[in-house]
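Chemist:
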């Protein structure tokens, strides 16, 4: 009973010490463990009295040292280390003048190490050989049973430790994988955001510059014939420039780490003001909405505004139109945006596959919608028809 209580207390102690000292060099830990086991197994030589007039036989010291010394290499050669330790302990009783050993800790630690580090065939063979040797070589059945229980316990603790290590390694690998995936997703999100900002900046610059160029070209013509209209033209140029600067500042602030408060993004409600802006460019824009308006996600509102803005900018730059029509149709689950003009339509000078119209298609696709771009089916001119699924407002 004393021996069983000793192993129950000592083996978990060694397990906990191993867990706490994992940061130390393995050779240092194994050397310290070897010295400790050697001292414990030599302890009976110093605490028990030898037969009167004779010291303990030197053979006992040799066997104890030979059984404990292989523990210093237990991680590199666990099976060989166990075999040497067992052979040494089996030779302990070939002389009579040696103190009894309550427990051979070196053999138990060696079995624990084999169970922890060796592959399945090796550890099973070593366990069977150890138990069989104990049964055959030990004379007392009580001693043999005690040895079987202790070695089985050491083997079980080793396997439990191996399972725990494998589980911890799997968790660490999973955590590392999740962290890598998080970083990759963050990088992808940043790339998507930069692409979105680039598209918005393209829309802002193309729209504002197109308006200012067209109005500036018309200025010298009307300044002599119609001063009042010339004044309105220059006011429109200034207004377009100011609006572009405000929106560009907002876009560029998104690229700064210390960005302050940002102006609100354009919404569907700003389409009427956008249509009025185009009047200064010599384009008569009619804006209308039908159906039951309802709150939508902010991104949908921005997309609807940018689609109409890009379509009107292309009309001013390329279509040679005098009349444009912007219509919003609120359906049950869809917002339909239609921008038509009376310009050249399918003329090859109209960039039906330009960056602006590609951006319109990308915006629609990003929301699971669609974009139809081409000549008007009901007459001369061009049509941009975009369908955006409606989401629930945040």
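Residue numbers (the numbering used here): 201 to 594.
Here a beta-carbon is modelled for each residue, glycine too, at the ideal position from N, C-alpha and C.
These figures come from a predicted structure and were not determined experimentally.
Curious, which full-length alpha helix (DSSP H) runs of at least 4 residues does the segment 479-522 contain?
Modeler: 498-514
Chemist: Using the rule of at least 16 other Cβ atoms within 10 Å of the residue's Cβ for burial, across every protein chain shown, is residue 507 buried or exposed?
Modeler: buried
Chemist: Straight-line CA distance for residue 412 to residue 515?
Modeler: Residue 412 and residue 515 have their C-alpha atoms spaced approximately 14 Å apart.
Chemist: Please go through the same chain and pick out, in chain order, the residues whose beta-carbon is closer than 6 Å to the beta-carbon of residue 260, but skip the five residues on each side of it.
Modeler: 298
Chemist: Can you say whether residue 459 is buried or exposed, counting buried as having 16 or more other CB atoms within 10 angstroms of its CB?
Modeler: Note that residue 459 scores a pLDDT of 46, beneath 50, so its modelled location is shaky and nothing firm can be said.
Chemist: By the three-class DSSP mapping on this structure, what secondary structure does residue 247 have?
Modeler: helix
Chemist: What are the boundary residues of the beta strand (DSSP E) that residue 600 is part of?
Modeler: For residue 600 there is no data in the structure shown, the boundaries of the chain being 201 and 594.
Chemist: Taking 6 Å as the limit between beta carbons, can you name the residues of its chain near residue 355, skipping five residues before and five after?
Modeler: 311, 315 and 327
Chemist: Does residue 478 pass the burial test, meaning 16 or more other C-beta atoms within 10 Å, or should it be called exposed?
Modeler: Its Cβ being crowded by 16 or more others within 10 Å, residue 478 is buried.
Chemist: Who does residue 534 pair with in a DSSP beta bridge?
Modeler: 589
Chemist: Bridge partners of residue 525, per DSSP?
Modeler: 486 and 540
Chemist: Using the Cα positions of residue 228 and residue 341, report the straight-line distance between them to the nearest angstrom.
Modeler: Between the C-alpha atoms of residue 228 and residue 341 there is a straight-line separation of about 39 Å.
Chemist: Got a sec? Which residues, its chain only, sit under 8 Å from residue 241 by beta carbon, not counting five neighbours each side?
Modeler: Counting only Cβ-Cβ distances below 8 Å, and skipping sequence neighbours, we find 264, 267, 268, 301, 304, 305 and 306.
Chemist: Are the Cβ atoms of residue 471 and residue 538 separated by less than 9 Å?
Modeler: no
Chemist: Under the three-state reduction of DSSP, which class applies to residue 309: helix, strand or coil?
Modeler: helix
Chemist: Could you give the C-beta distance for residue 590 and residue 573, rounded to a whole number, given that I count them as a contact under 8 Å?
Modeler: About 21 Å; that fails the 8 Å criterion.
Chemist: Exposed or buried, residue 284, counting other C-beta atoms within 10 Å across all chains shown (16 or more means buried)?
Modeler: Looking at its Cβ environment, which holds 16 or more other Cβ atoms inside 10 Å, residue 284 is buried.
Chemist: Can you grab the Cα-Cα spacing for the pair residue 313 / residue 365, in whole Å?
Modeler: 13 Å
Chemist: Give the secondary structure of residue 203 by DSSP, where H, G and I count as helix, E and B as strand, and everything else as coil.
Modeler: Residue placement at residue 203 is poorly supported in this model, since its pLDDT is 43, which falls under 50; the coordinates are not used for a value here.
Chemist: Under the rule that 16 or more other beta-carbon atoms within 10 Å means buried, what is residue 250, buried or exposed?
Modeler: Exposed is the call here.
Chemist: Does the beta-carbon distance from residue 286 to residue 322 come in below 9 Å?
Modeler: no
Chemist: Can you give me the Cβ contacts of residue 270 inside the same chain, cut-off strictly under 6 Å, excluding the 5 residues immediately before and after it?
Modeler: 281, 284 and 285
Chemist: State the start and end residues of the unbroken beta strand (DSSP E) segment that holds residue 318.
Modeler: First-last for residue 318: undefined, no H or E at that position.
Chemist: For residue 488, which of 521, 371, 291 and 540 has the nearest alpha-carbon?
Modeler: 540
Chemist: Give a yes or no on whether the C-beta atoms belonging to residue 275 and residue 319 are separated by under 9 Å.
Modeler: no
Chemist: Work out the CA separation of residue 512 and residue 528 for me, nearest whole Å.
Modeler: 14 Å
Chemist: Would you say residue 408 and residue 432 are within 9 Å of each other, going by their C-beta atoms?
Modeler: no
Chemist: Can you list the beta strand (DSSP E) stretches of 3 or more residues lying completely in the segment 332-365, in chain order?
Modeler: none
Chemist: For the putative contact between residue 522 and residue 484, defined by C-beta atoms under 8 Å, what is the C-beta separation to the nearest angstrom?
Modeler: 6 Å
Chemist: So what does DSSP say about residue 573, is it helix, strand or coil?
Modeler: Strand, per DSSP.
Chemist: Sort 405, 570 and 531 by Cα distance to residue 517 and report the nearest one.
Modeler: 405
Chemist: Can you look up residue 441 in the DSSP assignment and give me helix, strand or coil?
Modeler: helix
Chemist: Hey, quick one: how far does the alpha helix (DSSP H) through residue 264 stretch, first residue to last?
Modeler: 258-268
Chemist: Which residue from 525, 502 and 243 puts its Cα closest to that of residue 399?
Modeler: 502
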